[in-house]
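Chemist: In the order they appear, the protein sequences are chains P and G. Residue numbers for the first sequence follow the numbering used here, so the first one is 1 and each next one is one higher. Residue numbers for the second sequence follow the numbering used here, so the first one is 1001 and each next one is one higher. All C-beta atoms in this analysis are idealised placements derived from N, C-alpha and C, irrespective of residue type, glycine included. Would you mind keeping the following structure in view while I ask a few things?
2 protein chains.
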Amino acid sequence: MTLPHPNSDQISLPIVLGVLGDPTRLAIVRYLASKEGVPLNCSQFLDLGSKTNLSYHLAKLREAGVTRAEVVGTNRMITLRRADLDARFPGLLDSVIAAAVDDPALPAVGGHDIEVPA
Amino acid sequence: MTLPHPNSDQISLPIVLGVLGDPTRLAIVRYLASKEGVPLNCSQFLDLGSKTNLSYHLAKLREAGVTRAEVVGTNRMITLRRADLDARFPGLLDSVIAAAVDDPALPAVGGHDIEVPA
DNA sequence: CCAATTGTTCAATAACTTTTGAACTAAGGA
DNA sequence: TCCTTAGTTCAAAAGTTATTGAACAATTGG
């Protein structure tokens, strides 16, 4: 009952970039980064799409090696694979997240995802 | 006879990431980075695909704001929009290029694109 | 002017991606 | 055990992207 993940050295740059090149998935990653340390289940992201569609996007992120999903009861706890990504592509995740935080065009989770400065 | 480019503030993070999420385009960017300062015309990249196909990929890069194409006679001189990208997404281009340089799975331009250490 | 060079555009096709709803599995609580 | 909750899987439809070849445009050099 564990889900398939690539190991660190199987994570591919073009695949990661391609997977992040989608507003829904970028919004997921941005939200995960804003809650780093806190494992989140899939339902947290329902603002971004239907249950089925999220299952699809979360699988893409997981299969690319961007996130890890741990099965806990009926939940999947989702975390960013920050250490693996930092080791493989130094600085990439940080710069993507920093840019994503500033992007008002990305969909938001919870309706209060972005702090717009006055 | 000038080609359309987005201006700096129109460059979109998901579009840039999506455009970079393709091995051919990542190889183009890596090669441009390795020749920074030297403007290159499209024919330099023919190792990566047919003339038509390169026209397509180079247009994608240009329309995303990753490259600039200047018309010089019958040539288009292609450069990376490094300053614009650095201003908009600090650190992103550097980390992508650094990771791309280390990626042996990317196609190479000229057959000597990558230095594989002994 | 003519021919060569450089690159684009167009239409067709193939291949992939996204989205949906219905059906399903698996765990947990009453 | 039965019901609910959480999430997956499947197949279909819709949409998008990549690749190709033939035809085109623009410039340069002979």
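(1) Quick check on residue 6(P) - is its C-beta less than 7 Å from some C-beta in chain G?
(2) Under 7 Å between the Cβ atoms of residue 1005(G) and residue 1025(G)?
(3) What three-state label does DSSP hand residue 36(P) in the structure shown?
(4) Spell out a yes or no on whether the segment 1075 to 1093 of chain G and the segment 1038 to 1046 of chain G are touching, meaning 3 or more CB-CB pairs, one atom from each, closer than 8 Å.
(5) The segment 10 to 37 of chain P: which residues have C-beta closer than 8 Å to a C-beta of chain G, in chain order?
(6) Between 13(P), 91(P) and 72(P), which has its C-alpha nearest residue 1102(G)'s C-alpha?
(7) Along the chain, where does the beta strand (DSSP E) containing residue 52(P) start, and where does it finish?
(8) Starting from residue 1082(G), trace the alpha helix (DSSP H) both ways and give me its first and last residue.
(9) Would you say residue 1103(G) faces chain P, with C-beta separation under 7 Å as the test?
(10) With a CB to CB cut of under 8 Å and the five nearest residues on each side skipped, what residues in its chain are close to residue 1009(G)?
(11) Going by DSSP, name the residue or residues bridged to residue 1079(G).
(12) Ends of the alpha helix (DSSP H) at residue 1095(G)?
(13) Using beta-carbon positions only, say whether residue 21(P) and residue 1021(G) come within less than 7 Å of one another.
(14) Compare the C-alpha of residue 28(P) against each of 3(P), 68(P) and 2(P) and name the closest.
(15) Of all the residues that make up the segment 82 to 111 of chain P, which are near chain G by a beta-carbon distance shorter than 9 Å?
(16) Take residue 1085(G) and list the residues in its own chain whose beta-carbon comes closer than 8 Å to its own, dropping the five residues that flank it on each side.
Modeler: Looking at the coordinates:
(1) With 7 Å as the cut-off, residue 6(P) does not count as an interface residue toward chain G.
(2) It is not a contact, given that the beta carbons lie outside the stated cut-off.
(3) The answer is coil: DSSP assigns residue 36(P) none of H, G, I, E or B.
(4) Cβ pair count under 8 Å is three or more, so yes.
(5) Taking 8 Å as the Cβ-Cβ cut-off against chain G, the residues of the segment 10 to 37 of chain P that qualify are 12, 13, 14, 15, 16, 17, 18, 19, 20, 21, 22, 23 and 26.
(6) Nearest option by C-alpha distance: 13(P).
(7) It is not in any beta strand (DSSP E) - residue 52(P) instead sits in the alpha helix (DSSP H) that spans 51 to 64.
(8) Looking at the DSSP string, the run of the alpha helix (DSSP H) that includes residue 1082(G) is 1082 to 1088.
(9) So, interface residue.
(10) Taking residue 1009(G) as the centre and dropping the five residues before and after it, the same chain places the C-beta of 1088 closer than 8 Å to its C-beta, in chain order.
(11) When beta bridges are read from the DSSP output, residue 1079(G) appears opposite 1068(G).
(12) Segment 1092 to 1101, the alpha helix (DSSP H) holding residue 1095(G).
(13) Yes, they are a contact pair.
(14) Nearest Cα to residue 28(P) within the set 3(P), 68(P) and 2(P): 68(P).
(15) Within the segment 82 to 111 of chain P, the qualifying residues are 88, 89, 90, 91, 92, 93, 94, 95, 96, 98, 99, 100, 102, 103, 105 and 106.
(16) Excluding positions up to five away in sequence, the list reads 1011, 1016, 1065, 1066, 1092 and 1093.
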